[in-house]
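Keeping their order, the protein sequence lines are chains A and B. Heads up: the first sequence is residues 34 to 280, going by the working numbering. Heads up: the second sequence is residues 13 to 685, going by the working numbering. Taking it in order: structure first as structure tokens, then the write-up.
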Amino acid sequence: MKFTLNIWRQPDAVTAGKIHTYELDEVSEDMSFLEMLDVLNEDLNAKGEEPVAFDSDCREGICGSCGLMINGEAHGPEVTTTCQLHMRSFKDGDSITIEPWRADAFPVIKDLVVDRGAFDRIIQQGGYISVNTGAAPDAHATPVPKDKADRAFDVATCISCGACVAACPNGSASLFVGAKITHLGELPQGQAERDTRVVNMVAQHDHEGFGGCTNIGECTAACPKEIPLDVISRLNWDLHAALRHGK
Amino acid sequence: MPDTTNTFDSSHTGRLEDEYDDAAGYYVDGDPIADTKAPGGPLEERWDTRQFEARIANPANRRRLSVIVVGTGLAGASAAATLGEAGYVVKSFCYQDSPRRAHSIAAQGGINAAKNYKGDGDSVFRLFYDTIKGGDYRARESNVYRLAQVSRNIIDQCVAQGVPFAREYGGLLDNRSFGGVQVSRTFYARGQTGQQLLIGAYQALERQVAAGTVKCYTRHEMVELIVVDGRARGIIVRDLVTGEIETYFADVVVLANGGYGNVFFLSTNAMGSNVTASWRAHRKGAYMANPCYTQIHPTCIPVSGSHQSKLTLMSESLRNDGRIWVPKNKADCDKDPRDIPEEDRDYYLERIYPAFGNLVPRDIASRQAKNMCDEGRGVGPEVEGVRRGVYLDFEEAIGRLGRDAIENKYGNLFDMYARITGEDPYSVPMRIYPAVHYVMGGLWVDYDLQSTIPGLFVTGEANFSDHGANRLGASALMQGLADGYFVLPNTIRDYLAEGPFEKVAEDDPAVVEAQESVRSRIHQLMNTNGTRSVDSYHRELGNIMWEYCGMERSADGLRKAIDLIRTLKEDFWRNVKVLGAAETMNQSLERAGRVADFFELGELMCVDALNRRESCGGHFRAESQTEDGEALRHDDTYAYVAAWEWAGADEKPVLHKENLTYEFVEMKQRSYK
């Protein structure tokens, strides 16, 4: 297979970037998208041109490191992570445009690499249950209804890749925050801090420069782990309740 | 995989008839080494004894005591969070952009704990026994018993953190049987137990960041250890965004940097997983133990071409229902498998091991797959002239149980397979091949998890201590969290009680020397201006390791590998090409530093494998097998931990042996016939 690649190149956070075009031959349909970029980088290296920087680590769709805008879609045309996208999803001769996540709260570091530190800072504001090591009761002390446990698991599958933010016209991280609020809020262990958690996490979300949610739903469509949109309803519900409780 | 407690045949356990030393000339004998921290007495009281005897750092003093933790996987994030809660000043480092991305996240299956919630006869002693036996009698009894003891606390802690383990309809935790044991002791969160446990540890860590006890340095890679007056006192890191070389000091350093399976280039590890932090410590005096013990997992998706960057593992539960075969005739290897009639298929595991069939242990299943492909009966695409794959066929199971039942059990794995290969495993047999998955070897530590450098502690996969020559399924997560939450915080305090230590001067000769060596190494990598990319060297090193130090090792092959590695390493330093600048983000430079260390590690792995002329656990020496081709251990000669000391770049490594004695379990040879 043969492709024309239009790739965002930006030397660092402060220098303006632009699209560069590369031709790549001899791509196999069994290559993952990132392996295709590996091949491009070997080519560039051989030609004396600096390889394209991009994040990836586990390459099995779970660490959340990778994430590219591919032809304007977060993680490209399939519902999966960029590392699990394969070249057989494209047609021979296609032109592919590759950009970094686009959001004010995710500044570009270099080429396709962005800074998602804002997610860690949101978690610091309450995305946890306060229990010191050694202070836990027996694991069977509190049964959790299976439907609640399953629901908590389903939304805890978020891998913090940031596709929801990149896909959202508002650059909102509401799906990310909603998933954490729902995960911890479904469990009995998460009740004690439920009000303060939602208030503080939302405040940090806004402070980081993420936009508000206007129920467009691009986030859930782009999410490789298919986190449902109703976690944002849950987020709003909990936020409303917390404010009513005077938090 | 099936339990073999009752099928042991001890007749093979025996003394080597001649005095062999295949590794003569490659190493120097050193003094024996011993674990001086493990208490004696009854097995079940040893950990309590140590916890009581370990001194406690005065609470008021703790905010003046500082700890560096390198790595934020299960073993690092849990340690950093717990030490932060205790009031120490913690600095946490990871090369990823967030602590939550460390490769523990990729573990699928589950975590063992001796809770006996099923009332099926499990106990701390049984988990201990299974782990010792699974490790092929090459792990320490005291360590493993402690691991089994604290396993119960881990589950309590994780549930309290909100880890969404699978539950039954009554709301209690579900368990499953895993890795061939006879009891159900594995807790799980569907196929992503690793991610859920890591999120728990990560959230505990971020809570401490908010509390001000922990500071996280993401996208920072440790490139050197600072040892002052014989104690580990700090690290040098490269800021992967700015390229700056930074120095951090502390009273104690903890390495939790994971395993080094990427020395094989292709493995199930993350792209960035590397040995550099461990190797830098090794070069400063930390012994490396049993580096050749590697676990190779039989059910991975095969290599599809020379572009392959990593391998993906599928849960070995697939072997419960899938049947493994290759064509009887080489001529059939490129045919559509559906057109190969039953009588022309060789269900080789069922043929060779009628009692256990497709459920033989990981190492046997892996080695036999290699044998079939070496015979020329492998299937799938030819990569560099050989077809490396065997069929894992569900046709019979779908016929017996129905497609729905198979979909319910394995749907997510089938989907993953289809996504990666583009083939539908419901209609065409899957292709599988073994891949490097985990390393049991690592930095030598005593019972306190302290290395041979005072003040340097090592947790998780990075240390060698608990799995012997082979690790049981669902025990990696257990060990990482046991070390980080419960063991290290209770042993490190004994060391910290002596602190705070005198402040290290910025211009201390040891510090200046370490900084200069980092700078000159980077300078050399950036200015070699050769013709070959870093990846091409890494790939070639990986091929050498896989061929000669992979599933089957022989003296001739290992000696050849050592020569090849030395030649390749020399060429690397003369001819590597790293573009861009060192003062910015430079991913080629990051990889170059890692590959440079992999060369030295790879050579030591071969020397270690050469020294151990026996087959045990994940280590199979062609010279040490039964008449039927099964692994043959030599307890009289090799019941020791091989702890290697770095003697210098052009010097032979020094071997220190730690004898393993078994007071509570009898050593037995396994048999699966």
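A virtual CB, placed ideally from N, CA and C, is assigned to each residue, including glycine. No experiment lies behind these values; they were computed from the predicted model shown.
Query: Short Cβ contact (8 Å threshold) for N587/B with G542/B; Result: yes
Query: Run of the beta strand (DSSP E) containing R415/B, from where it starts to where it stops; Result: It is not in any beta strand (DSSP E) - R415/B instead sits in the alpha helix (DSSP H) that spans 415 to 433.
Query: Residues that S61/A contacts on chain B, provided the C-beta gap is smaller than 7 Å; Result: G317, H319
Query: Nearest to D375/B (by Cα), restricted to the options L217/B, V546/B, M563/B, R335/B; Result: M563/B
Query: Cross-chain neighbours of R121/A in chain B, by beta carbon under 9 Å; Result: G434
Query: Cβ shell of P446/B (< 6 Å), same chain only, five flanking positions each side left out; Result: I308, P310, S378, A381
Query: Residues of its chain near E29/B, where Cβ-Cβ distance is below 7 Å and the 5 sequence neighbours each way are ignored; Result: Residue placement at E29/B cannot be trusted, given a pLDDT of 49 that sits under 50; what the coordinates show is reported in the next sentence. Same-chain partners within the cutoff: there are none.
Query: Status (buried if at least 16 other CB within 10 Å, exposed otherwise) for W585/B; Result: exposed
Query: Whether M384/B touches G392/B by CB criterion (8 Å); Result: no
Query: 8 Å Cβ cutoff, G270/B in contact with chain A; Result: no
Query: Extent of the continuous alpha helix (DSSP H) to which I577/B belongs; Result: 567 to 587
Query: I192/A, DSSP secondary structure in three states; Result: coil
Query: For E362/B: DSSP bridge partner residues; Result: E362/B is not bridged to any residue.
Query: M13/B (DSSP reduced to helix, strand or coil); Result: Any reading at M13/B must be qualified, since the residue scores a pLDDT of 39, below 50, and its modelled position is unreliable; the value itself is stated next. Residue state, collapsed to three classes: coil.
Query: Whole alpha helix (DSSP H) elements within the region 267 to 301 of chain B, 4-residue minimum; Result: 288 to 295
Query: Enclosing alpha helix (DSSP H) for K145/B [first to last residue]; Result: 136 to 146
Query: Inter-stretch contact at 8 Å, needing at least 3 Cβ pairs: the region 171 to 180 of chain B / the region 169 to 187 of chain A; Result: yes
Query: Burial state of G109/A, where buried means 16 or more other Cβ atoms lie within 10 Å; Result: buried
Query: Sub-8 Å separation of H479/B and G147/B beta-carbons; Result: yes
Query: Delimiting residues of the alpha helix (DSSP H) encompassing I265/A; Result: 263 to 277
Query: Closer than 8 Å to chain B by CB, C96/A; Result: yes
Query: Beta carbon of C91/A nearer than 8 Å to that of I117/B; Result: yes
Query: Contact check, S327/B vs Q120/B, beta carbons under 8 Å; Result: yes
Query: Boundaries (first-last residue) of the alpha helix (DSSP H) holding V523/B; Result: 521 to 539
Query: Where M679/B falls: helix, strand or coil (DSSP); Result: coil
Query: Whether H449/B touches S279/B by CB criterion (8 Å); Result: yes
Query: Contact list for the region 333 to 363 of chain B against chain A, Cβ threshold 7 Å; Result: none
Query: Backbone CA spacing between S61/A and K124/A [nearest angstrom]; Result: 11 Å
Query: Cut-off 7 Å between Cβ atoms - residues of its own chain near R227/A, not counting five sequence neighbours on either side; Result: G218, D271
Query: When M617/B, M442/B, V666/B are compared against D348/B, the one with the closest alpha-carbon; Result: M442/B
Query: Residues near V524/B in its chain [Cβ-Cβ closer than 8 Å; skip 5 each side]; Result: none
Query: Where K669/B falls: helix, strand or coil (DSSP); Result: strand
Query: Beta carbon of E256/B nearer than 8 Å to that of E675/B; Result: no
Query: Touching by the beta-carbon criterion (3+ pairs, under 8 Å), the region 500 to 511 of chain B and the region 76 to 95 of chain B; Result: yes
Query: Y403/B versus C312/B: straight-line alpha-carbon distance, rounded; Result: 12 Å
Query: Chain B contact for T253/A (CB, 8 Å cutoff); Result: no
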